[in-house]
Amino acid sequence: MKRIFWEALHQTASSFSGPWLCMSDFNEVLLQADKKGGRPFSSSSSNGFNTLVNQQRLVDLGFSGNPYTWTNKRLNFANIKERLDRAFSNTEWCSTFPKASVYHFPATTSDHNPIILNTNGIGSSTPKPFRFEAMWTRDVPSADEIKQTLFNLGSDKSPGPDGMSALFYKHYWEIISQDLIEEVSSFFTRGHILTEINRTFITFIPKSDKAAKINQFRPISLCNTIYKIISKILAARLKPLLHKVISPWQSAFVPGRVIQDNSIIAHEVLNTMKKKSGFVGLMALKIDTEKAFDTMEWSFLLNVLRLHGFSSIWINWISQCISTPSFSFLINGSPFGNFKSSRGLRQGQKINYSKSGVIFSKNTTGQTTANLCHLLNLKKVSPTTKHLGLPLELNRAKSSSFQGLIEKIQNRVAGWKTKLLSQAARSTLISNVAASIPPTPCHLCFFPRQYATKLTPLSVVFGGELAQGKIICILKSRPLLRKGLCTKIGNRHHTAIWESPWIPTLDNFIPPAPTNIHPSIHRVADLIIPDTFQWDRGKIFTLFDPLTSSKILNIHLSPTSQLDKLCWVPNSNGIHSVKSAYLTDQKEKFTTTGPLTKSDWNTLWKAKISPRHKNLLWKLAWDILPTKATLAARIPAIDTTCHLCNAQVETALHIFTQCPITQSIWLTSPWPIHPNRLPFTSISDWVAFILNLGQHLNLQLQEAQSFTLLASVICDQVWFHRNKMLKSNQPFPSSPTSQPNPPPSPPPHLAHEIHKTFLFHQQAWEFSTQQSTIPTHKPWSPSPPGWHKINFDTVVRPTNVYLAAICRNHMGRITHAWVNVDSHGESLWAEAKAGLFAISCALAAGLDSIIF
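Residue numbering for the sequence shown follows the working numbering, beginning at 9 and increasing consecutively.
Here's what the structure looks like:
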């Protein structure tokens, strides 16, 4: 009966085109969070409801009040609560009533809570603080001189109490730069910061969708931009020392350490405990602190800095930053109160007992378990308790483990349905929102196929292969590693000729074995002349074919005594990375480039145009725009006449290159070309022309980018106005004329709109380019005549330190180069060793008048 009801409701909704709302008792739950007690939630039972919501793009209006609307009114463990009553609407209704809200009232006599819909919402008349808007800078010239620290700040980050974001300082740098520099410099020279600069707004971000208690919100500080600059400079100075003052077990703040490492280690520990047997058991403590970083007094922090050897000046800077701020709370967007902290937060880290516990191995006795829990004042928790969003112990049936991840992604996508996003915007949403959900579960095991199938309708792409069997094993990555791992020849004693990968230029790195293998030739060392570093050419040409022999002879033999080691060939540095492994795995799956060449695709994705324009050109290249000719191939008896000129068949090639309307637009543009006179046989040829005109005409880079931007804007505006007129069932307007049968021409407002849009995007890219062209390193310059310049550097590896130096004359030509291998040491020691090595080499070469 439910299936019949969902189908009937789907048909009713499909036949109605206006805004509509459906609010009732649906007698069905959608998510695990909608149910408490009773049998576990099963997503299969709500497939019909989920299908209806996704196909009709329904929006859940949410609620305030009790999270459950029905209860069976039983006591204790027999009590069941569910959210059965909801309010759904389509996007048109949400646009009509953007402030609508739903409230769950308490139940009196019925087993259902009454729900009330308020279409006006709850307004707020309190004044809002000043905010500098990005749109106010569109017609303002960009700054010529920028300060690196300021321009590294995000332009659109929320401002502090002064309302001035970093974007304001960047745009008005020429006017306010002197005052800003003096203010920042005075902090470091005088050691004092104004209280007005260190004033802060505190806003609260909910940790969950149904946050109701204060500890379910995360406080965020909104600081003034000047204070951000000061703190960023301090952080940059502290960064080189972090690895010395932070514990090696801390996974934050230090580059190269990621949170997934903790989750993987925790699962390995639980897996070891699971296999534990005998009379001695194992236990693991799961400790959760209520506040991870800021639970300490000022005096404690300053004493720690002093004991670590920081100077009194640095300690005073830190003291000024933490002891002078004043705070105001932002409640519903309005500031309330003004207070100062006096002594810092409570000393020590308070344990969150509700999330902490002890896990015991199965061979631990019940009495021992009870005694330890009483001693530690912690409860015993199951190995299936969650850590970083996933159970510590994964069962073979992972339904409950991944259900929360599915629901989180569904909630993210559903929240954006009311925005009526275009395809380009949806692509951006997937990249920046859905993909930002921590992928910790996918780092621990292969993602089950059934859940990937559920995510497909949500347009969320998950990398990696799907689990084919029930056994999860790390060796499943071996086939992928074999595609890129190759042995770098060292002392040649451990590499087998016919079994090991050691020829990097062969397809699978392993040479083809001959029919009869000589019994005395097994290792690569057998192919080298003894006591030399040269290949035995006679043996090589006897054992291998000419192509393989030439590839072997091209391998350089090093005189060092290092052991043979595996290197990752896809990366030039030989080090494995997830990105290169993914590209290696996908190379075989995407052997064809489609209508454009690989170079053209790279040009398109790197072009200085908006994602909307890239998406349009991508559709044009594949000829998948819903033109009338394309629709006629699927829907018979449809009119195929061009809606712009009403003369020819409407294909993509006709609309964008052959239509008189489009030709007139191009003739009045800054690039007056005739697209219809160019030898295009398909619309993909037109896209390739847009991307490669600069190369064909040897244009300057800026001119080529300008043409690509103009062409994409013209295509976008032509397609937009064509769709607008077609949807309103109106003919395309033309310019007024006195001719009896004038040729079709675009209206004047369209040319103005194209020019305005083109200038806006051009200015946006110019401003973005100015932000990204910050000089970070001083370029190399030659020495004066008669002098030599020597540059030296070092590379630190786990077992050795590599030293190198190079000498150039005043014309920049290399005159000497030296390399050496030394024993392992720290980075600072290695840099000093490299400098000493460069000096000794210069003296041995008889050089004088040297600049280092």
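Backbone N, C-alpha and C define an ideal beta-carbon position, used for all residues, glycine too.
Close Cβ partners of residue i (< 6 Å) along its chain, the five nearest in sequence each way excluded
i	result
ALA846	ILE798, PHE800 and ALA813
PRO793	HIS818
SER185	none
THR513	LYS559
SER97	LEU29 and VAL67
MET281	LEU290 and SER369
LEU855	HIS796
LEU565	PHE541
Buried or exposed (CB count within 10 angstroms, at least 16 for buried), residue i
i	result
PHE368	buried
HIS200	exposed
HIS179	buried
LEU60	buried
GLN19	exposed
LYS636	buried
GLU658	buried
VAL288	exposed
ASP608	buried
MET9	exposed
GLU507	exposed
PHE552	buried
C-beta contact flag for residue i and residue j at 8 Å
i	j	result
PRO519	THR495	no
LEU386	SER364	yes
ASN623	GLN431	yes
PRO668	TRP630	no
ARG620	ILE663	no
HIS824	ALA842	no
ILE617	ILE673	no
THR79	PHE105	no
ALA719	ILE691	no
LEU625	VAL695	yes
ASP211	LEU315	Here residue 211 turns out to be Thr, not Asp, going by the sequence shown. No, Cβ-Cβ distance for THR211 and LEU315 is not below 8 Å.
ALA16	GLN64	no
ALA640	THR648	yes
ALA95	ILE123	yes
ASP830	LEU851	no
ASN360	ASP296	yes
PRO169	LEU278	no
Bridge partner(s) assigned by DSSP for residue i
i	result
ARG207	SER334
ALA825	ILE814
SER831	ASN808
GLY575	It is worth fixing the name first, because residue 575 is Cys in this sequence and not Gly. Partner(s): CYS494.
LYS43	GLU90
HIS120	TRP78
ASP801	ALA812
LYS622	Answer is none; LYS622 lacks a bridge partner.
THR649	VAL657
LEU29	SER97
PHE225	PRO214
TRP543	ILE536
TYR111	SER72 and ILE124
PHE344	PHE337
Distance between beta carbons of residue j and residue i, contact taken as under 8 Å
i	j	result
PHE49	LYS43	5 Å
THR393	LEU383	Between LEU383 and THR393 the Cβ distance is about 20 Å, and since that is not below 8 Å, they are no contact.
SER239	CYS329	6 Å
TRP543	LEU561	6 Å
LEU488	ALA378	Contact flag wrong, Cβ pair sits at about 48 Å.
SER271	HIS395	7 Å
ILE88	GLY46	4 Å
LEU92	GLU36	7 Å
8 Å CB neighbourhood of residue i in its chain, flanking five on each side removed
i	result
LEU758	ILE673, GLN725 and HIS729
SER334	THR203, ASN206, ARG207, THR208, ASN346, PHE347 and LYS348
LYS284	LEU290, SER369, LYS370 and ASN371
GLY286	ASN371
PHE688	LEU661, THR665, TRP694 and PHE697
Interface flag, residue i vs chain B, CB-CB below 8 Å
i	result
SER336	The structure shown contains no chain B; it holds only a single protein chain.
Proximal residues to residue i (C-beta, below 7 Å), its chain only, five neighbours per side dropped
i	result
GLU839	THR802
GLN671	HIS682, PRO683 and ASN684
ILE537	ASP544
SER25	none
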